[in-house]
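K.L.:
Below is one structure. I have some questions about it.
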Amino acid sequence: MSKYNTLKGVADIYTPEIYRWQTIEDTAREVFTLYGFSEIRTPIIEYTEVFTRSIGQSTDIVDKEMYTFNDRGGRGISLRPEGTASVVRCYVQNNLHTLPAPQRFYYTGAMFRYERPQKGRFRQFHQIGAEVFGSEGPKVDAEMLSMINVLLKRLNINDTTLEINSIGCRECRPNFRAAIVAFFSEKEAHLCTDCKVRLKNNPLRLLDCKNEACATLRGGLPSIPDYLCDNCRGHHQRLKDLLDTLKISFVENPMIVRGLDYYTRTTFEVTTQHLGAQKAVIAGGRYDNLVQEFGGPPATAAIGFAIGMERMAELMEDSSARCQPPTRLYFAPLGKEAEAISLSLCESLRLRGIGVLCGEGDLSLKRHMKIADRFNAAFVIIIGQEEIDRGETLWRRLSDGQQGIAGITRIEEYLALIP
Ligand code: ATP
Ligand code: MG
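This note's numbering applies: residue 1 is where the sequence shown begins, and numbers increase by one.
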């Protein structure tokens, strides 16, 4: 029995699951690079204001999910609950707008939210996210959605739906905000406790409530798209036209308002039917005012998204994940001298890029064979005293038991064994 266990809602990730993660990460890096993104690494801890100011005081994340503490100097510190706020902080703090445009960044890493752990919902979870700064037009929205599409295809994830919406801008949002408040005020008595608060603080979030009773109440809701101003409507229409041009299928879902306050105009989710209640695998949208709110140049439009790694890995077919790189040769030394010889042979082969393992000199041949089998080695190289005396080693191919001889120091003869 282990004396120590992980916290609730956090997980260790290792073989074979880790191979799916690596496949997702490697593929994302490759695809994002094709689209001109470069990696950015921001700290996991930030001053709490970085998140409260951006994500919004009356959001679930800030209200009840952040891991916040005072450091020894009495400053409020939080573990990051998401990536965008830190990237924007970094962008503004380091004047990244002075870099040659386009400014496109991606990140990967752990995020922390004190949520109720369940399938697809953890307290430490991982995201790969991407952000573009300085592009206002819907072309970037379409390009970003296309990039997501390419990534999903490369990972062989086919069964997802892209859902898009527009939640307007500072100009038009007050209109449909008022319409939502008017609509739900009549039904206030039937709303869940959280939504009663949302009605006052953050009425848009009423559209996003996962409570079934609240979902039922949404029937007959005035349609948000009717309230968009001409600019937002034009942006949204152009995005849809470009998606059609790129042959990217999507559905419009006027309920996608997202759980963070900074979004403007385009919001989207990639959803799946395979993960139960946790159906959003990727989520994102525009945040055209956030850079300015962080003290950056005014009117720096931006857009981004984040992939939920745990959910994405769950969606991946086993067969599309890379598997353990093979250990090609297993060296089975019998005795101390053989062990030293094996060890240096292994080092020479590794320097030539061959994956090999070296057993311990005090094991029996039977134990060696078992280990080689467990590591799925192609060949076992046996070195005992007799072999040393003859200046030869005995190799055995595990697939068919065929045996042969190699010169003990002749690296090229070991290399020749491997196709
Ligand atoms: P949800 O509606 O599922 O709570 P969210 O709106 O909180 O998602 P975002 O903050 O936009 O999600 O994060 C983007 C993605 O990160 C989500 O679509 C999801 O895949 C993943 N994600 C968010 N929270 C968690 C969590 N607690 N555990 C695992 N993955 C998560
Ligand atoms: Mg959430």
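Cβ coordinates follow ideal geometry from the N, Cα and C atoms, glycine included.
Bear in mind the structure is a predicted one, so any value in this text is a computation, not a measurement.
What residues match up with GLN124 in a beta bridge as DSSP calls it?
P.N.:
The residue labelled residue 124 in the question sits at position 124 within the sequence shown. In the DSSP output, where bridge partners are listed per residue, GLN124 has PHE112.
K.L.:
Going by DSSP, what residue range makes up the beta strand (DSSP E) through CYS358?
P.N.:
Position 358 of the sequence shown, counting from 1, holds the residue named residue 358. Run containing CYS358: 356–358, per the beta strand (DSSP E) assignment.
K.L.:
Give the single residue among ASP226, ALA280, ASP208 whose Cα lies nearest to the Cα of GLU269.
P.N.:
Sequence index remark: in the sequence shown, residue 269 carries index 269 (1-based). Selected option, being the one with the closest Cα: ALA280.
K.L.:
Is ARG121 near the ligand ATP, judged by its Cβ being under 8 Å from some heavy atom?
P.N.:
Locating residue 121 in the sequence shown gives position 121, counting from the first residue. Flag set: Cβ of ARG121 near the ligand ATP.
K.L.:
Helix, strand or coil: how does DSSP classify GLU82 here?
P.N.:
For the purposes of this step, residue 82 is taken as residue 82 along the sequence shown, with counting starting at 1. The answer is coil: DSSP assigns GLU82 none of H, G, I, E or B.
K.L.:
Spatial neighbours of TYR35 within its chain, please: CB distance less than 6 Å, with the 5 preceding and 5 following residues excluded, ordered by chain position.
P.N.:
Residue mapping note: residue 35 aligns to position 35 of the sequence shown, counting from 1. Excluding sequence neighbours, TYR35 sits near MET147.
K.L.:
Looking only at C-alpha atoms, which of PHE133, MET316, ASN253 sits nearest to LEU207?
P.N.:
Within the sequence shown, numbered from 1, the residue matching residue 207 stands at position 207. Per the Cα distances, ASN253.
K.L.:
Rank GLN22, TYR47, LYS240 by C-alpha distance to the C-alpha of GLN127 and give the top, closest one.
P.N.:
Here residue 127 corresponds to residue number 127 of the sequence shown, with the count starting at 1. If we check each option's Cα against that of GLN127, GLN22 comes out closest.
K.L.:
Among the residues of its own chain, which have a CB less than 8 Å from the CB of VAL10, if the five just before and after it don't count?
P.N.:
For the purposes of this step, residue 10 is identified with residue 10 of the sequence shown, where counting begins at 1. Excluding residues within five positions, the ones whose Cβ falls inside 8 Å are PHE122, ARG123, GLN124.
K.L.:
GLY304 lies in the alpha helix (DSSP H); which residues open and close that run?
P.N.:
Walking along the sequence shown from the start, residue 304 turns up at place 304. Run containing GLY304: none in the alpha helix (DSSP H); it sits in the beta strand (DSSP E), 302–308.
K.L.:
Going residue by residue through the region 39–71, where are the continuous beta strand (DSSP E) segments of at least 3 residues, counting only ones entirely within it?
P.N.:
Runs of the beta strand (DSSP E) inside the region 39–71: 45–47, 68–70.
K.L.:
Just curious, the beta strand (DSSP E) that GLN403 is in, first and last residue?
P.N.:
As a working note, residue 403 is residue 403 in the sequence shown. GLN403 -> beta strand (DSSP E) spans 403–407.
K.L.:
For ALA28 and ASP244, what's the separation of their Cα atoms in angstroms?
P.N.:
Here residue 28 refers to the residue found at position 28 of the sequence shown. Here residue 244 refers to the residue found at position 244 of the sequence shown. Those two C-alpha atoms are separated by around 24 Å.
K.L.:
Only counting runs of 3 or more residues, tell me where the beta strand (DSSP E) segments fall wholly within the region 137–220, in order along the chain.
P.N.:
With a minimum length of 3 residues, the continuous beta strand (DSSP E) runs that stay inside the region 137–220 are 160–166.
K.L.:
Between which two residues does the alpha helix (DSSP H) holding ILE371 run?
P.N.:
The count along the sequence shown starts at 1 and reaches residue 371 at position 371. Counting along the chain, the alpha helix (DSSP H) containing ILE371 begins and ends at 365–374.
K.L.:
Could you spell out where the alpha helix (DSSP H) holding VAL31 opens and where it closes?
P.N.:
Sequence index remark: in the sequence shown, residue 31 carries index 31 (1-based). Element bounds for VAL31: 17–34.
K.L.:
Between the region 77–85 and the region 297–315, do at least 3 Cβ pairs fall closer than 8 Å?
P.N.:
The region 77–85 is in contact with the region 297–315.
K.L.:
According to the neighbour-count rule (16 or more other Cβ atoms, all chains shown, within 10 Å of its Cβ), is HIS235 buried or exposed?
P.N.:
Your numbering for residue 235 matches position 235 in the sequence shown. The residue is buried, with at least 16 neighbouring Cβ atoms inside 10 Å.
K.L.:
Need the endpoints of the alpha helix (DSSP H) that ALA234 sits in, please.
P.N.:
Walking along the sequence shown from the start, residue 234 turns up at place 234. Contrary to the premise, residue 234 reads as Gly rather than Ala in this sequence. Its alpha helix (DSSP H) spans residues 230–245.
K.L.:
Mind checking ILE13: buried by the 16 CB within 10 Å criterion, or exposed?
P.N.:
By 1-based counting over the sequence shown, the position of residue 13 is 13. ILE13 should be labelled exposed.
K.L.:
If you follow the beta strand (DSSP E) that ALA280 is part of, which residue opens it and which one closes it?
P.N.:
Numbered from 1 along the sequence shown, position 280 holds the residue referred to as residue 280. Residues 280–286.
K.L.:
Comparing the CB of PHE268 with every heavy atom of the ligand ATP, is any distance shorter than 8 Å?
P.N.:
Counting from one through the sequence shown, the residue named residue 268 turns up at place 268. No; taking the cut-off as 8 Å, the Cβ of PHE268 has no heavy atom of the ligand ATP nearer than that.
K.L.:
By DSSP, does GLN273 sit in helix, in strand, or in coil?
P.N.:
To locate residue 273, count along the sequence shown from 1; it is residue 273. Residue state, collapsed to three classes: coil.
K.L.:
Count the other CB atoms, across all protein chains shown, that sit within 10 Å of the CB of LEU152; report buried if there are 16 or more and exposed otherwise.
P.N.:
On the sequence shown, position 152 is the one that residue 152 refers to. By the 10 Å Cβ count, LEU152 comes out buried.
K.L.:
Under the rule that 16 or more other beta-carbon atoms within 10 Å means buried, what is ASP159, buried or exposed?
P.N.:
As a position in the sequence shown, residue 159 is number 159, starting the count at 1. Exposed.
K.L.:
If distances are taken between C-alpha atoms only, which option among GLU413, ALA277, GLY73 comes closest to ILE381?
P.N.:
The sequence position of residue 381 within the sequence shown is 381, counting from 1. The shortest Cα separation from ILE381 among GLU413, ALA277, GLY73 belongs to GLU413.
K.L.:
Skipping 5 residues on each side, what residues in its chain have a beta carbon closer than 7 Å to that of HIS274?
P.N.:
Numbered from its first residue, the sequence shown carries residue 274 at position 274. For HIS274, where only same-chain residues beyond five positions count, the Cβ hits under 7 Å are ASP159, LEU315.
K.L.:
Assign ILE341 to buried or exposed, taking buried as 16 or more other Cβ atoms, counted over all protein chains shown, within 10 Å of its Cβ.
P.N.:
Along the sequence shown, one-based indexing puts residue 341 at 341. Burial call: buried.
K.L.:
CB-CB under 6 Å to ARG328, same chain, minus the five flanking residues each way: which ones, in chain order?
P.N.:
Within the sequence shown, residue 328 is the residue found at index 328, counting from 1. Cβ neighbours of ARG328 beyond the five flanking positions: ILE354, GLY355, ALA378, ILE418.
K.L.:
Check for me: the beta strand (DSSP E) holding ARG396 runs from which residue to which?
P.N.:
For this step, residue 396 is matched to residue 396 along the sequence shown. Segment 392–397, the beta strand (DSSP E) holding ARG396.
K.L.:
For a test of your reading of the model: does the CB of MET111 fall under 8 Å from any non-hydrogen atom of the ligand ATP? Yes or no.
P.N.:
Position 111 of the sequence shown, counting from 1, holds the residue named residue 111. At least one heavy atom of the ligand ATP is nearer than 8 Å to the Cβ of MET111, so yes.
K.L.:
Rounded to whole angstroms, what's the CA-CA distance from ASP241 to PRO298? Just pull it up for me.
P.N.:
Working through the sequence shown from its first residue, we reach residue 241 at position 241. Working through the sequence shown from its first residue, we reach residue 298 at position 298. Cα-Cα distance, rounded: 28 Å.
K.L.:
Could you check the C-alpha separation between GLU392 and ILE405 for me, to the nearest Å?
P.N.:
Along the sequence shown, read from residue 1 onward, the residue named residue 392 stands at position 392. Along the sequence shown, read from residue 1 onward, the residue named residue 405 stands at position 405. Rounded to the nearest angstrom, the two C-alpha atoms are 6 Å apart.
K.L.:
Considering only residues of the same chain and omitting the five flanking positions on each side of ALA332, which have a CB-CB separation below 6 Å?
P.N.:
Position 332 of the sequence shown, counted from the start, is the residue given in the question as residue 332. If we look at ALA332 and ignore the five residues flanking it on each side, its Cβ neighbours are GLY359, HIS368, VAL380, ILE382.
K.L.:
Look at the alpha carbon of ALA313 and the alpha carbon of ARG20, and state the distance between them as a whole number of angstroms.
P.N.:
Counted from its first residue, the sequence shown places residue 313 at position 313. Counted from its first residue, the sequence shown places residue 20 at position 20. Near 6 Å, if we compare the C-alpha coordinates of ARG20 and ALA313.
K.L.:
Just the C-alpha distance for TYR114 and ARG352, rounded to the nearest angstrom, thanks.
P.N.:
Within the sequence shown, numbered from 1, the residue matching residue 114 stands at position 114. Within the sequence shown, numbered from 1, the residue matching residue 352 stands at position 352. Their backbone Cα atoms lie some 47 Å apart in a straight line.
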